[in-house]
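Take a look at the structure set out below.
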Amino acid sequence: MRRYVARRVAALAVTLLFVSALVFVVVRVLPGDPVAVIMGTEGGREAGDRLRRAMGLDRPLPLQYVTWVAGALRGDLGRSIQYDVPVGALILSRLPVTLPLTLLAAAFMVLGALPLGLYAATRHRRAGDYAAMIVSQIGISVPQFWSGLLLILLFSVRLGWVRSGGFDGWSAGVGPALRSLLLPAIALGFFQAAVLVRATRSAVLDVMREDYVRTARAKGVSEPRVLARHTLRNALIPIVTVAGIQLGQLVAGSIVLESVFALPGLGRLALGAITARDLPVVQGVALFVASVIVLVNFAVDLAYGLLDPRIRYE
Amino acid sequence: MARRRPLRHVTFTLGAVITLALLATAGLSLLYTPADPLAMSIGGRLQGPSGGHPFGTDQFGRDILSRVMTGAVTSIAVGVIAVGIGAGVGVLLGLLSGYVGGWLDESLMRLIDAVQGFPAILSALLFTAVFSPGMVVSMVAIGIAFVPAFARLARGSVLELREREFVVAARALGGRDAWLLLRHILPNSLPPLIVQATTSFPVAILAEAALAYLGLGTQPPYPSWGLMLKEAQNFLSLNPWFAVFPGGAIALTVLGLNLLGDGLRDLLDPKTA
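Taken in sequence, the protein lines are chains A and B.
Just so we're aligned, residue 930 is where the first sequence starts under the working numbering, counting upward by one.
Just so we're aligned, residue 96 is where the second sequence starts under the working numbering, counting upward by one.
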């Protein structure tokens, strides 16, 4: 067991190194001269040279990479050009929006998907199953940002129940803050649930075909108990895997939903940084988000190995 | 089991009909649109649906129906090329990884794990920071996001097929590695790859719309469904229809392609049906 975990952790380290190399290649190597990207046609040669020295861009590329990764490991992602504050601090200041939004959406996703998927499986090839599948098929087809727009159209423009966007921060109270996150989390979570519904349904159906479920029924175990104790518990492994992978997609989706609802999260930070040609911020946010997604995938992978001993001895 | 007839399969047929309608709309828009999708009209801005403009007009008085029709071309073009990039690069990496094995396999798989950390939106953010945004950035960013799935599938089938008798026999007859891969292994791993490509296509269309919406993809004045939604958001209270039609076009397209993909999977791979 310990060897399995050690091997996975070593693989994770290599993967994270690749993540940093990919970000570095796109931001520092592909453009040729990052300073030209940042300054455009404005600014003289001297100003360019100063910026180049300040960002350490006058040194050889491999050295730049090592310095950057070493800094990132200590939590130092460089300084924002636009705000003149550490990029790490900027990212931390935006997390209180993106993190709760993602978690709230994840909660909606699970709450929507598990009951519907379970219901569809128990009504296999009957009207309820088909209805659930149609609902999930529609959910998969609707772009999340469009569902966000439609929710704004209904609840804000037509009914006037909530604001169409914006976020006053947690200091203004937990209630108003949650209310600002509610619509985007619904748009993100419920529509992402559509994929999980199908995964839940097929996982439950697979388990229901097992001999031990038939045995339990034959022993006269009540149907709800068969579902809860014998079926759902065993079906949870594949469900958790799919849910974990979708967590990464929720992080990406929150970038879009932040834009729809004008929420000051990581996505808006990165988009603003692009307009302002603030390369260190884009680089930092990309490294952070990609690493988080890789870490989530790693955790899912590890959990899978822990729950199912067969995986470990592959 | 009886031989499956594609047209008897409701999901497949429905998906195929919607997809054909999409292709027809895109094709038609190249030859004919009710109005010039780029022609502005100051007098006729933000109108609701009417006889002259069945889908209404946008903030510049442009005909939304014509723009939705032309937007289909953008979606299909980005979708096809993005899936092409993902499938091409992914299959190549997967074949190489599975066939060569050893440390190359190990490193390529870690690279694939790393690429998985970059959803299309994140790659597009990165690329747009150093290059100007546009359709090319969309295609590449979405394509990259597809690489891991194709690479894993291709690698998996190589591992499965490598030791099969017909491959071993071909090798014993003196077949070179490239020949074995292209002539014997690749054709036998095609069905899951085809299904993957079909299911990736609607994902690409959703991603293209999201990127255009964020301003990272197709740029104005080109009609893209995502871009139209971005513009529509500013006028939700004046003309809600402006937000309804492009979004509906995306949803219907993706629904059709998903149904087609599901149907195809049922027909090609009876095990999972």
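Here a beta-carbon is modelled for each residue, glycine too, at the ideal position from N, C-alpha and C.
Here the structure is a predicted model, which means the values were calculated and not measured.
8 angstroms Cβ cutoff, residue i in contact with chain B
{"i": "ARG936/A", "result": "no"}
{"i": "SER1220/A", "result": "yes"}
{"i": "VAL995/A", "result": "no"}
{"i": "SER1070/A", "result": "yes"}
{"i": "GLN1178/A", "result": "yes"}
{"i": "SER1065/A", "result": "no"}
{"i": "VAL955/A", "result": "yes"}
{"i": "SER1188/A", "result": "yes"}
{"i": "ASN1163/A", "result": "no"}
{"i": "ILE1203/A", "result": "yes"}
{"i": "ALA1050/A", "result": "no"}
{"i": "VAL998/A", "result": "no"}
{"i": "LEU1117/A", "result": "no"}
{"i": "VAL1211/A", "result": "yes"}
{"i": "LEU990/A", "result": "no"}
{"i": "LEU1081/A", "result": "In the sequence under discussion, the amino acid at residue 1081/A is Ile, which differs from the Leu named in the question. At least one chain B Cβ lies under 8 angstroms of ILE1081/A."}
CB contact check: residue i to chain A, cutoff 8 angstroms
{"i": "ASN334/B", "result": "no"}
{"i": "LEU109/B", "result": "no"}
{"i": "VAL223/B", "result": "One detail in the question is off: residue 223/B reads as Thr in this sequence, not Val. Yes - at least one Cβ of chain A is within 8 angstroms of the one on THR223/B."}
{"i": "ARG162/B", "result": "no"}
{"i": "PHE213/B", "result": "yes"}
{"i": "GLN328/B", "result": "yes"}
{"i": "ASP208/B", "result": "yes"}
{"i": "ILE345/B", "result": "yes"}
{"i": "ARG205/B", "result": "yes"}
{"i": "VAL290/B", "result": "no"}
Own chain residues within Cβ distance below 8 angstroms of residue i, not counting five before or after
{"i": "ASN1163/A", "result": "VAL1136 and GLU1139"}
{"i": "ILE289/B", "result": "LEU359 and LEU363"}
{"i": "GLU1243/A", "result": "Because the pLDDT of GLU1243/A is 48, which lies under 50, any placement of that residue in the model is unreliable, and the number read from its coordinates should be weighed accordingly. Answer for GLU1243/A: no residue qualifies."}
{"i": "VAL948/A", "result": "LEU1216, ALA1219, SER1220 and VAL1223"}
{"i": "ALA965/A", "result": "GLY977"}
For residue i: DSSP bridge partner residues
{"i": "ARG1008/A", "result": "PRO1015/A"}
Three-way DSSP call (helix, strand, coil) for residue i in this model
{"i": "ASP1097/A", "result": "coil"}
{"i": "THR152/B", "result": "strand"}
{"i": "ASP158/B", "result": "strand"}
{"i": "ALA97/B", "result": "Because the pLDDT at ALA97/B is just 45, under 50, the model does not fix this residue reliably, and the value given afterwards should be weighed accordingly. Reduced to three states, the DSSP call for ALA97/B is coil."}
{"i": "ASN1226/A", "result": "helix"}
{"i": "LEU311/B", "result": "coil"}
{"i": "VAL1136/A", "result": "helix"}
{"i": "TYR1141/A", "result": "helix"}
{"i": "ILE1203/A", "result": "helix"}
{"i": "ALA1232/A", "result": "helix"}
{"i": "SER252/B", "result": "helix"}
{"i": "HIS279/B", "result": "helix"}
{"i": "VAL1150/A", "result": "coil"}
{"i": "GLN1121/A", "result": "helix"}
{"i": "MET234/B", "result": "helix"}
{"i": "ARG1023/A", "result": "helix"}
{"i": "ASP131/B", "result": "coil"}
{"i": "GLY269/B", "result": "coil"}
{"i": "PHE1190/A", "result": "coil"}
Nonlocal neighbours in the same chain, by C-beta distance under 7 angstroms from residue i, ignoring five residues either side
{"i": "ARG1023/A", "result": "PRO1193, GLY1194, LEU1195 and LEU1198"}
{"i": "ILE1203/A", "result": "VAL1211"}
{"i": "ILE137/B", "result": "GLY156"}
{"i": "THR996/A", "result": "GLY985"}
{"i": "LEU1080/A", "result": "LEU1112, ILE1115 and ALA1116"}
{"i": "SER1009/A", "result": "VAL1016, LEU1019, ASP1207, PRO1209 and VAL1210"}
{"i": "THR1129/A", "result": "ALA1042, LEU1043, GLY1046, LEU1047 and ILE1168"}
{"i": "GLU326/B", "result": "ASP153 and GLN154"}
Residue-chain proximity (residue i, chain C), Cβ-Cβ < 8 angstroms
{"i": "PHE340/B", "result": "This model lacks chain C altogether; the protein chains it does include are A and B."}
Residues near residue i by beta carbon distance below 6 angstroms, same chain, minus five either side
{"i": "SER161/B", "result": "THR128, PRO129, ALA130 and PRO132"}
{"i": "SER1065/A", "result": "ALA1123, VAL1126 and ARG1127"}
{"i": "PRO243/B", "result": "ILE207, VAL210 and GLN211"}
{"i": "MET234/B", "result": "VAL173, ILE176 and ALA177"}
{"i": "PHE1227/A", "result": "LEU941"}
{"i": "VAL184/B", "result": "VAL242"}
{"i": "GLY186/B", "result": "This sequence places Val at residue 186/B; Gly is not what is there. So the qualifying residues of the chain are PHE245 and ALA249."}
{"i": "MET164/B", "result": "THR120, SER124 and THR128"}
{"i": "GLY1007/A", "result": "VAL1016 and PRO1209"}
**Message:** As an exercise, report each continuous alpha helix (DSSP H) stretch of at least 4 residues that is fully enclosed by the region 1052 to 1113 of chain A, in chain order.
**Reply:** Whole alpha helix (DSSP H) segments, 4+ residues: 1056 to 1070 and 1073 to 1080.
**Item:** Segments assigned alpha helix (DSSP H), at least 4 residues, entirely inside the region 189 to 223 of chain B
**Value:** Inside the region 189 to 223 of chain B, DSSP marks whole alpha helix (DSSP H) runs of 4 or more residues at positions 197 to 210, from first to last along the chain.
**Runs of alpha helix (DSSP H) wholly within the region 944 to 995 of chain A (minimum 4 residues, chain order)** = Counting whole runs of 4 or more residues, the region 944 to 995 of chain A contains the alpha helix (DSSP H) stretches 963 to 968 and 974 to 983.
**Message:** So within the region 289 to 364 of chain B, which uninterrupted alpha helix (DSSP H) runs reach at least 4 residues, ignoring any that extend past its ends?
**Reply:** With a minimum length of 4 residues, the continuous alpha helix (DSSP H) runs that stay inside the region 289 to 364 of chain B are 320 to 328 and 336 to 363.
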